[in-house]
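Presented below is the structure to which this report refers.
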Amino acid sequence: MTGAWLEVFKTGTHTSGNGITKTYTDADLDNIATRYNTQESHDAPLVLGHPATDAPAYGWAKELKAAGGKLLAYVDQVSDDVVNAVKMGAYKKVSIALYPDGLLRPIGLLGATPPAIKGLTPVQFAEGVEFEEYIWATDETRMPTVARVLSGIRDFFIEKFGLEVADRVLDKDDIAGLQRAAPENLIVKPSDGLSGGANNFSENQQEEEKQMDELKAKIKALEDALAAQSALFAELQSGVKVLTDAASAQAQAAADASKKSAAEVAQTAFAEFCEALVREGKVLAAEKDGIVEEYADLLRAEESMTFAEGDARPSEKLKTRLTARPILVSQGRVFADPDKAAQQKLDPKAVPVEFAEIAGRVDATSVDIDQQIREYAKANNVDYEVAAERFMKA
C-alpha cells in the first residue's frame with residue numbers, strides 16, 4: 001500500500017453526467033479543498049469506474065489541495081497494483097462527484113477493468129442523495145494523442161521534403177519522449193509529507209508548462225516551415241511548367257520544320273519525276289504543274305491519315321497511275337522541226353499561253369489535242385489529267 005497525489009479536477013467550464021454545466025474558478029477549487037479538509041465525517045474513497053451505492057474502495061482521500069488551477073487529492077492506502085496500472089496508462093481519465101454543498105463524494109479512475117484485489121473495504125453511499133459527477137482527462141493523458149498527431153506531421157514532411165528537413169523541424173526523440181512520459185505524470189508522489197507532494201506537483205506543473213511552451217514553439221516552427229516549403233513548391237511547379245511549355249513549343253517547331261523539309265524534298269523529287277514523264281510523252285507540259293500541286297495536297301492530307309501496314313498512300317497511287325499512262329503524244333507529234341512548224345503557219349493567237357514562248361516550234365496537232373482536252377475537262381468538271389487519259393483512250 002502507498003500514498004500518492006492525484007490530479008482530480010481543474011478550473012474551467014464543465015458539464016456533469018446529469019447535464020449540469022458550471023464554471024469553476026481557482027476560488028471554487030479552494031472552497032472544495034477547504035470544505036473537505038475541515039470536515040471529519042466523510043472520507044472520499046478512490047474507486048475504479050463509476051461507483052454504485054456499494055463498491056470497493058481502492059484508497060481514501062486524506063487531503064485536498066488547489067494548485068495552479070488544478071485540484072489535487074492525496075490518496076492513501078492505494079494498492080500497488082492500482083498505482084502500477086495508472087503508470088502503465090490503464091486509467092487515463094479521472095471522475096469526481098460533488099455533493100450540492102461542494103463536498104467531495106468519490107474519486108473514480110476510468111479505463112481498464114478493475115483488478116481483483118482481496119480485502120478491500122466496501123464503500124457505502126446513501127441512496128437518493130443528489131451529486132454531480134465530472135469526468136476529465138489530464139493534460140498528460142492527452143500527450144499520446146499529441147504525439148500521434150506530431151508523428152503523422154513528421155511522416156508527411158519525410159514524404160514531401162525528406163528526412164533531413166523533418167529532423168530539423170520535429171525530432172523523433174521528442175515525440176517518443178511525449179509517448180513515454182504521459183502515463184507516469186498522472187500520479188505525483190510526495191517527497192516530504194502531504195505539503196511536499198503538493199510542492200512537487202507545482203514544480204512538475206511548471207516543468208510541464210515549459211515543455212508545452214516548447215512544443216507549441218516547435219509546432220509554430222513546423223507551420224512556418226510548411227508554409228515556406230509550400231510556397232517554394234508552388235514556385236518550382238510554376239518554373240517547371242514554363243520550362244515544359246518552352247520545350248514542347250521547341251519540339252513542335254522542330255517537328256513542323258522536319259515535316260516541311262520532308263514535304264519540300266518529296267515535292268521536288270515528284271516534280272523531277274513528272275518532268276521525266278513529260279519527256280516520255282505520258283504527261284503534257286501544260287498539266288505538269290497542276291499534277292505537282294495535286295501531289296502536294298495529297299501529302300498534306302496524308303499527315304492526318306492512318307494507314308495499315310501494306311496500304312498504298314494516295315500520293316503513291318498517283319505516281320503509279322502516271323507511270324502506267326500510255327504515251328499521249330509521240331515525240332514526232334509534240335514538237336516538229338523548225339521547217340515543218342514554219343510550213344504549218346500556226347497562228348500564234350491560237351497557241352495557249354503556256355506555249356507562247358515556243359509558238360514557232362510547237363506542232364499544231366499537239367496544240368489542237370491540248371485544246372480538246374481542256375474543253376473536255378471543263379465540260380465534264382474533271383481535272384486535266386483525267387481528261388487527257390480519257391481522250392487518249394477514246
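In our numbering, the protein residues as written are 1 to 394. C-beta atoms are modelled at their ideal positions from N, C-alpha and C, and glycine is treated no differently.
### Query
Which word fits Arg321, buried or exposed, when buried means at least 16 other C-beta atoms lie within 10 angstroms of its C-beta?
exposed
### Query
If you draw a straight line from the C-alpha of Gly332 to the C-alpha of Gln252, how long is it?
With a pLDDT of 47 at Gly332, under the threshold of 50, the modelled position of that residue is not reliable, and the figure given next carries that caveat. Looking at the two C-alpha atoms, the distance is approximately 52 Å.
### Query
Between the stretch 91–104 and the stretch 34–50, do three or more beta carbon pairs fall short of 8 Å?
Using a Cβ-Cβ distance cut-off of 8 Å, the stretch 91–104 and the stretch 34–50 are in contact, since at least three pairs of beta carbons, one from each stretch, lie closer than that value.
### Task
If I'm right that Val75 touches Gly3 with Cβ under 8 Å, what's the distance once you round it to whole angstroms?
7 Å
### Query
In the structure shown, what three-state DSSP assignment does Glu303 receive?
coil
### Query
DSSP puts Leu64 in a beta bridge; with which residues?
The partner list for Leu64 (beta bridge, DSSP) reads Ala73.
### Message
Could you check whether Lys10 and Lys70 sit closer than 7 Å to each other, using their CB atoms as the reference points?
### Response
yes
### Message
Please classify Leu29 as buried or exposed, where buried requires at least 16 other C-beta atoms within 10 Å of its C-beta.
### Response
With 16 or more other Cβ atoms within 10 Å, it is buried.
### Query
Name the DSSP bridge partner or partners of Ala15?
According to the sequence displayed, residue 15 carries Thr and not Ala. Looking at the DSSP assignment, Thr15 forms a beta bridge with Thr21.
### Query
Should the stretch 290–305 be regarded as contacting the stretch 267–276, the criterion being three or more beta carbon pairs within less than 8 Å?
Counting Cβ pairs under 8 Å, three or more are found: they touch.
### Query
Once you ignore the five residues that flank Asn31 on each side, which residues in its own chain have a CB closer than 8 Å to its CB?
Gly102
### Query
Span of the alpha helix (DSSP H) holding Ala324?
No alpha helix (DSSP H) holds Ala324; DSSP gives it neither H nor E.
### Query
Would you call Glu316 buried or exposed, if buried means 16 or more other Cβ atoms sit within 10 Å of its Cβ?
The residue in question, Glu316, is exposed, as its Cβ has fewer than 16 Cβ neighbours within 10 Å.
### Query
From Asp26 to Tyr36, what distance separates their C-alpha atoms?
16 Å
### Query
Roughly how many angstroms lie between the CA atoms of Leu163 and Phe157, to the nearest whole one?
7 Å
### Message
Bridge partners for Ser261 per DSSP, in chain order?
### Response
In DSSP, Ser261 forms no bridge with anything.
### Query
Is it the case that the Cβ atoms of Leu6 and Ala90 are separated by a distance below 7 Å?
no
### Task
Let me know the secondary structure DSSP gives Leu298 once reduced to three states.
helix
### Buried versus exposed call for Ala126 [16 or more other C-beta atoms within 10 Å across all chains shown]
Residue placement at Ala126 is poorly supported in this model, since its pLDDT is 38, which falls under 50; the coordinates still yield a value, given next. With fewer than 16 Cβ atoms within 10 Å of its Cβ, Ala126 is classed as exposed.
### Task
Quick one: grab the DSSP three-state call for Tyr91.
strand
### Rounded distance between the beta-carbons of Ala33 and Ala66, thought under 8 Å
5 Å
### Task
Could you pull out every residue in the same chain whose Cβ sits closer than 6 Å to the Cβ of Thr13, ignoring the five residues on either side in sequence?
Thr23
### Query
Taking just the CA atoms, how far does Leu109 sit from Gly49?
6 Å
### Message
Tell me the rounded alpha-carbon separation between Phe307 and Glu264.
### Response
22 Å
### Task
Can you grab the Cα-Cα spacing for the pair Ser16 / Phe161, in whole Å?
46 Å
### Coarse secondary structure for Ala44, derived from DSSP in three states
If DSSP states are grouped into helix, strand and coil, Ala44 belongs with coil.
### As assigned by DSSP and simplified to three states, the class of Val278
helix
### Task
Kindly indicate the opening and closing residues of the alpha helix (DSSP H) around Thr34.
Asp26 to Asn37
### Query
Taking the alpha-carbon positions, what's the Arg171 to Gly68 distance?
Sequence inspection shows Asp at residue 171; the Arg mentioned does not correspond to that position. Straight-line Cα distance between these residues: approximately 30 Å.
### Query
With a CB to CB cut of under 8 Å and the five nearest residues on each side skipped, what residues in its chain are close to Leu284?
Val278, Leu328, Val329, Asp370, Ile373, Tyr384 and Ala388
### Query
In whole angstroms, what separates the C-alpha of Glu209 from that of Leu64?
22 Å
### Task
Using 10 angstroms around the beta-carbon of Phe270, count the other beta-carbons present and answer buried if the total reaches 16, otherwise exposed.
buried
#### Entry: Span separating the alpha-carbon of Met305 from that of Gly152
54 Å
### Query
Do Val169 and Leu222 have their C-beta atoms within less than 7 Å of each other?
Yes.
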